[in-house]
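As given, the protein sequences belong to chains Z and U, one line each in that order. Heads up: the first sequence at position 138 corresponds to 137 in the numbering used here, and the numbers run straight through without jumps. Heads up: the second sequence at position 304 corresponds to 1537 in the numbering used here, and the numbers run straight through without jumps. Every residue gets a Cβ at the ideal spot worked out from N, C-alpha and C, and that includes glycine.
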Amino acid sequence: MEPVKLTAKDYKTSVPIVWCPGCGDFGVLNAMQQAAAELQLPPENLMVVTGIGCSSRIAGYINSYGFNSIHGRALPIATGAKLARPELTVWAAGGDGDGYSIGTNHFVHTIRRNPNITYIVMDNHIYGLTKGQVSPTTPHGDVTKSTPQGNPERPLNPLALALELGATFIAQGFSGNVKHLRDLIVQATRHEGFALVNVKSPCVTFRGRQEFNVIREHGAYLDESHDPGDWNQAHEVTQWTDKIPLGVIYKIEGVPTLEGVAAEAQRKAQEQRAFKRAEELLEVFR
Amino acid sequence: MRDVTLAIAGSGGDGVITAGDFIVQAAARKGLHAFMLKSYGPQIRGGESSARIRISDRPIYSQGDYVDFLVVFSWKDFNRFLDEIQLRKGAVVLYDEADTTPPEEFPIDKDLEVELIAVPFKKMASEEIKVPLTKNMVALGVIAELLHLPLDAIKDAVMKKFGKRKPEAAQVNLQAIDLGKAWVNEHLPKGTQVMLEAEGSGEPKLVMTGDDAVAFGAVHAGVKVFAGYPITPASPILEFLSKWLPHFGGSVVQTEDEIAAITYAIGASWAGKQAMTASSGPGIALKMEAFGLAAMAEIPLVVVNVQRVGPSTGIPSKSEQADLFQAVGGTHGDVPRVVLAPSDVEDNFQVAVEAFYIAEKYQIPVIILTDQFLGERSETVDPEVLFARKRVISRQLAKPSDLKDYKRYKITDTGVSPMAVPGMAGGQHVISGLEHHEDGRPTSSGTIHQIMSEKRARKLPLIAEESGFVRVYGDENAELAVLAWGSSKGAVREAIERAQEEGIKVKAIVPQLIHPIPEKAFDAALKGVKRAVVVELSFGAQFYRYLRAYYDGLPKETYSYARSGANPLLVSEVVGAIKEHTAALGSLQEA
């Protein structure tokens, strides 16, 4: 008998969706469900870990083991889960506030450890759940509820930051192009190591519907002339100011993963001496 | 003397702690009981440090109030420990003759009539061994000879440490030890300096620190993922597990911060493996939000707090019992949690085993409230006592029948719901820090919040009735009871014995389970008690106030003996409190 082929529908849940009509995150949800189907991931073997924010609710909307955790901590929870169960697929997700502000420390150090997980950031340049404050990726000068005189700070560039930190897979998608985003998530999941997929996912309520048009207008899909294996080229792309790069910006395979290194440490330790029972350790104290 | 307390004081480079370690190991090999408390200043290297070692043929419960035998490399360094090292009348004091401080300026009370002996530690090490750093080993030879510790046991310990890695260093050290021994025989009158007359059982004992014991206990309990961030005095737990957990197929991560450490553990436990994190007060404060997440999401989790002096940075290298409120009440919301407190090194192991048992059985976060005094001291331990607790369990998973129309937070009589972990088909669900329905869906309904608060809290009375968490020492029928917790048990237990020797009827009640309060066991232990005194090292009398707030069964006449930590609790001060309350009890009866 042929195994039943999983479709995007198999990754839907009955949890009511709280997002505003027209929210960019719907496109990301569709892309994630389609990517899971494309990868034929058994739902029970998929973990979706998020932090706090509008987008972090996505953990409940995908048929999987979902964990809508606390603000900024999606990455360490996802990494801990991957370390415990390296055989399963782990997706971490959340917003720009969650990942690039309160969770920045984890973003930095997760990249250094290179666990084989995919991190999907729904970057909308605003704090939506708390109704419209400035975020770490809000453009300089923009008026928000907490910057009535205009944002005095320059925005953080997550792509450039990830590249400098040695991330092994960096991509950027647009929630208005689900098919393209689905392909990025599929490639990110297949990548052996930490994969960042930053998604331009507009907040229609606090930044307006025109955000979709801005991204459509400035979005530049990377074509064959871009070599994701070329760090310098990737760096140049992350510095674009007039265009928004879309596609796989950088990718390098063969960098050891956190759980791979841990498995190797266990193998070496057990080769030297495998303990079955704790009592065997008593001799250390003699 | 069958019970000797020795102190060695010097600067960091003097090798004080190393010498102390060898003495403890030698005593352990002889089957004696031994106990070593390290004390050091804030400097990383070169600061003052002291080792306080007690050796006896009877079980040792505390560091000993008075020092019988003192070795001083430098009076300047010794001055820093005046607070901690109180000499017994007639104590023997050896000092390095290289220190030029004139005898009239020695910081020792003349009334103590100590026996002062100048020893050329530095000179012998420099001129005869030609390695000045071996002066601690010369001192070790002198001490061993005076205490009648077997030289072969000391040499075994030295060989164990240096033999394989640095055979040359081992030889030099052995020579220095022999030199010290010979100096005693040549320069001191024979037979008069034999101080330790205790014979060991001959059955070698193990030597362990409390930090190692709690880590080792976690290994026995089945921990598979540990995440931690360096902090005094909890780092040895991270180091022990980094070294040994891979041998058991587990993983350790030193994370970027305290929050990452606890959230790694939460992620690993949620994914199906037993997990733990450890820190000290400041780090625990940072972890508290995530601790609440584990409680809300009902994820088994063990968090170790090796308490140190607070608030804030406090005194990182010294002990206190003032994180009790943080443990029982820290973080926002009504958070069902469990707090366990070990009271000696063996207990650190046992309590780690029990912590995992409770965490896994009840799907609840557990705090192990140990402290620097337990964590960094070395103590001889009995392996049989370590492994006495048999409650080692694995993850309790949902049964296949639970997975039909699966509800992660199903309302049950015990409050414990079937737990499906990733990989189990049909068990998919979402969990969160948000209040939720039985199936995990978020809700903002006040009615469901009430129902779920009741469900989570239903576990607590069941945990309070788990057996074996309250110990009673002394006279069971006594009308006076001392209530103590954690590392205070040592001085309290010894004080009870001393008071009993003086004919005072008193008992001590020491719970391992602090929260929830094991009420029935407390009621039984307090039966017939007319007066109680709660002894602790917390300036704010946190244990006293906690018992007052959470437990209705205290005798009406319940008092507090509380002071701030840093200096260990003394047996004599507890005996003083016992006597005071015994007298008050007498007048109560007369009235």
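- Under the three-state reduction of DSSP, Asp1604 of chain U is assigned to strand.
- In the three-state reduction of the DSSP assignment, Asp1708 of chain U falls in the coil class, being assigned neither a helical nor a strand state.
- Rounded to the nearest whole angstrom, the CA to CA distance from Asn1710 of chain U to Arg1285 of chain U is 36 Å.
- At a cut-off of 8 Å between beta-carbon atoms, Tyr64 of chain Z makes contact with chain U.
- Pro1533 of chain U and Val1663 of chain U have their C-alpha atoms some 17 Å from each other.
- For the 8 Å CB-CB criterion, Ser1550 of chain U and Pro1469 of chain U do not form a contact.
- A residue is called buried once 16 or more other Cβ atoms fall within 10 Å of its Cβ, and Thr1510 of chain U is buried on that count.
- Taking 8 Å as the Cβ-Cβ cut-off, the region 1429 to 1447 of chain U approaches chain Z at Pro1437, Leu1439, Val1440, Met1441, Asp1445, given in chain order.
- Pro1744 of chain U counts as buried, since no fewer than 16 other beta carbons sit within 10 angstroms of its beta carbon.
- Listed by position along chain U, the residues whose Cβ is nearer than 7 Å to that of Phe274 of chain Z are His1480, Phe1481.
- Per DSSP, the beta-bridge partners of Ala170 of chain Z are Z:Val196, Z:Val247.
- Considered as a whole, the region 1733 to 1804 of chain U harbours 1752 to 1758, 1775 to 1783 as its complete alpha helix (DSSP H) runs of no fewer than 4 residues, in chain order.
- A distance below 7 Å between beta-carbons, with the five flanking residues on each side excluded, links Thr146 of chain Z to the following residues of its chain, in chain order: Val133.
- Taken atom to atom, the span from the alpha-carbon of Gln1258 of chain U to that of Thr188 of chain Z is near 53 Å.
- Residues of chain Z with a Cβ closer than 9 Å to the Cβ of His1453 of chain U are, in chain order, Arg276, Ala277, Glu278, Leu280.
- Bridge pairing for Met1529 of chain U: absent [DSSP].
- In the DSSP annotation of this structure, the continuous segment of the alpha helix (DSSP H) that includes Trp1308 of chain U starts and ends at 1308 to 1312.
- A straight-line Cα-Cα distance of about 32 Å links Gly21 of chain Z and Val107 of chain Z.
- For Ile1492 of chain U, the neighbours in chain Z by C-beta distance under 7 Å run, in chain order, Arg72.
- Thr167 of chain Z sits buried, since 16 or more C-beta atoms from the chains shown fall within 10 Å of its C-beta.
- From the beta-carbon of Asn44 of chain Z, the residues of chain U found nearer than 9 Å are Pro1655, Gly1656, Ala1658.
- Nearest CB-CB separation between Gln265 of chain Z and chain U: below the 8 Å threshold.
- If the five residues before and after Ala1390 of chain U are omitted, its C-beta is found closer than 8 Å to the C-beta atoms of Asp1254, Phe1255, Gln1258, Ala1259, Arg1262, all from its own chain and listed in chain order.
- Within chain U, Pro1479, His1480, Gly1482 have C-beta atoms less than 8 Å from the C-beta of Gln269 of chain Z, given in sequence order.
- For Phe1395 of chain U, no alpha helix (DSSP H) run applies, since DSSP gives it neither H nor E.
- Within the region 1474 to 1546 of chain U, the runs of alpha helix (DSSP H) that reach at least 4 residues and sit entirely inside it are, in chain order, 1491 to 1503, 1514 to 1530.
- Secondary structure in the region 88 to 141 of chain Z: the alpha helix (DSSP H) runs of 4 residues or longer, each lying completely within the stretch, are 103 to 112 in chain order.
- Classified as buried, Ser1650 of chain U has 16 or more neighbouring CB atoms from the shown chains inside 10 Å of its CB.
- By the neighbour-count definition (other C-beta atoms within 10 Å, threshold 16), Arg1541 of chain U is a buried residue.
- Spatial neighbours of Ile1696 of chain U in its own chain (CB-CB distance under 8 Å, excluding positions within 5 residues in sequence) are listed in chain order as Val1571, Ile1591, Tyr1595, Ile1597, Leu1746, Pro1749.
- Residue-level contact by beta carbon fails for Lys1388 of chain U and chain Z, as no gap is shorter than 8 Å.
- In this structure, the beta-carbon distance from Lys199 of chain Z to Asp122 of chain Z falls below 8 Å.
- If the five residues before and after Ile1495 of chain U are omitted, its C-beta is found closer than 6 Å to the C-beta atoms of Thr1510, Lys1520, Ala1523, all from its own chain and listed in chain order.
- Not a single CB atom of chain Z sits nearer than 8 Å to the CB of Thr1546 of chain U.
- In the structure shown, His1669 of chain U falls within a strand segment according to DSSP collapsed to helix, strand and coil.
- Contact annotation: Ser1502 of chain U and Asn1538 of chain U have beta-carbon atoms that are not nearer than 8 Å.
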